[in-house]
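Chemist:
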Amino acid sequence: MRDKRMTADEVVAELADGMTVGIGGWGSRRKPMALVRALLRSPLRDLTVVSYGGPDVGLLCAAGKVRKLVYGFVSLDTIAYDPWFRRVRETGGIDVLELDEGMFQCGLRAAGHRLPFLPIRAGLGSDVLRLAPELRTVRSPYDGEELVAMPALRLDAALVHLNRADRHGNAQYLGPDPYFDDLFCLAARRRYVSCERIVETRDLTASGPVQSLLLNRMMVDGVVETPNGAHFTSCVPDYGRDEAFQRLYAESAADPERWPGFVDRYLSGTEADYLGAAL
Numbered sequence: 012m013r014d015k016r017m018t019a020d021e022v023v024a025e026l027a028d029g030m031t032v033g034i035g036g037w038g039s040r041r042k043p044m045a046l047v048r049a050l051l052r053s054p055l056r057d058l059t060v061v062s063y064g065g066p067d068v069g070l071l072c073a074a075g076k077v078r079k080l081v082y083g084f085v086s087l088d089t090i091a092y093d094p095w096f097r098r099v100r101e102t103g104g105i106d107v108l109e110l111d112e113g114m115f116q117c118g119l120r121a122a123g124h125r126l127p128f129l130p131i132r133a134g135l136g137s138d139v140l141r142l143a144p145e146l147r148t149v150r151s152p153y154d155g156e157e158l159v160a161m162p163a164l165r166l167d168a169a170l171v172h173l174n175r176a177d178r179h180g181n182a183q184y185l186g187p188d189p190y191f192d193d194l195f196c197l198a199a200r201r202r203y204v205s206c207e208r209i210v211e212t213r214d215l216t217a218s219g220p221v222q223s224l225l226l227n228r229m230m231v232d233g234v235v236e237t238p239n240g241a242h243f244t245s246c247v248p249d250y251g252r253d254e255a256f257q258r259l260y261a262e263s264a265a266d267p268e269r270w271p272g273f274v275d276r277y278l279s280g281t282e283a284d285y286l287g288a289a290l
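Heads up, the sequence shown is in the numbering used here, so the first residue is 12 and it goes up one at a time.
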């Protein structure tokens, strides 16, 4: 079996301008932030980002990396809105496709099944279809019911963060929720997982049941060991969300005079520089 270990910068080197990149996690929970920070250090531009959004979205928007955002929500959980996302959304700085959370999941599932769309009731009777006129409805051939034809959310690359992985790409979550990270990987042509620790394959079941093995090696193209790689989001049970740092981020992002200082201190160096300053 192939050894798929990589560095975060090696992962980003395999991406290109204009790609559609799915980012796993949920709000401010188990986001692949070390990979996001590697994206920030790169020259990549014009990305379409697909995410149940959190600070990943805000930081990439702040750096001018995002051309279009496909999302079910963008939240910092304990802070309702990411200030950078709010700013670019209110000023029309990026293109958007706003989806119901169920529609978003359905689109990932359709891509994973290699289908052009899947039918779903979510979105009917809402402004989703009015605001996204490119979406279509279909009628059931069995009873005539009208349903949303949710198009596949096909990804060029998926970035996810889990608690443990082996060097071959088998990966495990130990917290309360998989956050659809498996669907992101199934929907993508290239799949990269960062993890808190790379362990031997036989040790993957030492900390959790076999059902916690969310990703298998056929779903993963690269594995990056990044301790604290989800910071400042949570990666339960390894660590919770860094609420103090999240407040610092949100307050700095909301203040144009403070933001350059935040970038200079936390985002202008290597991942080791970031962790040394933030932890």
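Built from N, CA and C at the ideal position, the CB exists for glycine as well.
Taking the Cβ atom as the reference point for each residue, do R178 and D14 lie within a distance shorter than 7 Å?
Modeler: Against a cut-off of 7 Å, the Cβ pair of D14 and R178 comes out as a contact.
Chemist: One question on the structure: do L173 and A182 come within less than 7 Å of each other, judged by their Cβ atoms?
Modeler: Contact: yes.
Chemist: Is the number of C-beta pairs between the stretch 94 to 102 and the stretch 121 to 131 that are closer than 8 Å three or more?
Modeler: Contact fails: fewer than three Cβ-Cβ distances are below 8 Å.
Chemist: Could you pull the start and end residues of the beta strand (DSSP E) that V139 belongs to?
Modeler: Counting along the chain, V139 falls outside any beta strand (DSSP E), though it belongs to the alpha helix (DSSP H) covering 139 to 142.
Chemist: Could you name the residues of the same chain whose beta carbon sits closer than 8 Å to that of L293, not counting the 5 residues immediately before and after it, in chain order?
Modeler: With the chain represented from 12 up to 290, any question about residue 293 goes unanswered, as that position is not in the structure.
Chemist: Closer than 8 Å by C-beta to R252: which residues in its own chain qualify, once you throw out the five before and the five after it? Chain order, please.
Modeler: Result list for R252: S39, R40, D88, T89, F243, T244, S245, in chain order.
Chemist: For D111 and G134, what's the separation of their Cα atoms in angstroms?
Modeler: Those two C-alpha atoms are separated by around 6 Å.
Chemist: Drop a sphere of 10 angstroms on the beta-carbon of R202, count the other beta-carbons inside from all chains shown, and report buried for 16 or more, exposed for fewer.
Modeler: Flag for R202 reads buried.
Chemist: Cutting at 8 Å between CB atoms, please list the residues of its own chain near M12, excluding the five before and the five after it.
Modeler: Correct list, in chain order: H179, R228.
Chemist: In the stretch 139 to 215, which residue ranges form an unbroken alpha helix (DSSP H) of at least 4 residues, counting only runs that do not cross its ends?
Modeler: As far as the stretch 139 to 215 is concerned, its whole alpha helix (DSSP H) runs of at least 4 residues are 139 to 142, 192 to 197.
Chemist: Looking at the structure shown, is L80 part of a helix, part of a strand, or coil, going by DSSP?
Modeler: Strand, per DSSP.
Chemist: From V32 to R175, what does the alpha carbon distance come to, in whole angstroms?
Modeler: Straight-line Cα distance between these residues: approximately 22 Å.
Chemist: Let me make sure I understand the geometry here. Which of F256, P152, A122, L166 has the alpha-carbon closest to that of G29?
Modeler: It is L166.
Chemist: Since L108 is in the beta strand (DSSP E), which residue starts that stretch and which ends it?
Modeler: Taken as a continuous stretch (DSSP letters only), the beta strand (DSSP E) holding L108 covers 106 to 109.
Chemist: Given V107, which residues of its chain have a CB within under 6 Å of its CB, disregarding the five upstream and five downstream residues?
Modeler: Correct list, in chain order: L80.
Chemist: With the cut-off set at 7 Å, would you say W37 and C72 are in Cβ contact?
Modeler: In this structure, C72 does not lie closer than 7 Å to W37 by Cβ.
Chemist: With H, G and I counted as helix, E and B as strand and the rest as coil, what does DSSP make of L129?
Modeler: Note: L129 maps to strand in three-state DSSP.
Chemist: Compare the Cα-Cα distances from R200 to each of Q222, R147, G233, G136 and report the closest residue.
Modeler: The residue with the shortest Cα to Cα distance from R200 is G233.
Chemist: Report the CB separation of D192 from G35 in whole angstroms; it is logged as a contact under 8 Å.
Modeler: About 4 Å separates the two Cβ atoms, so the contact holds.
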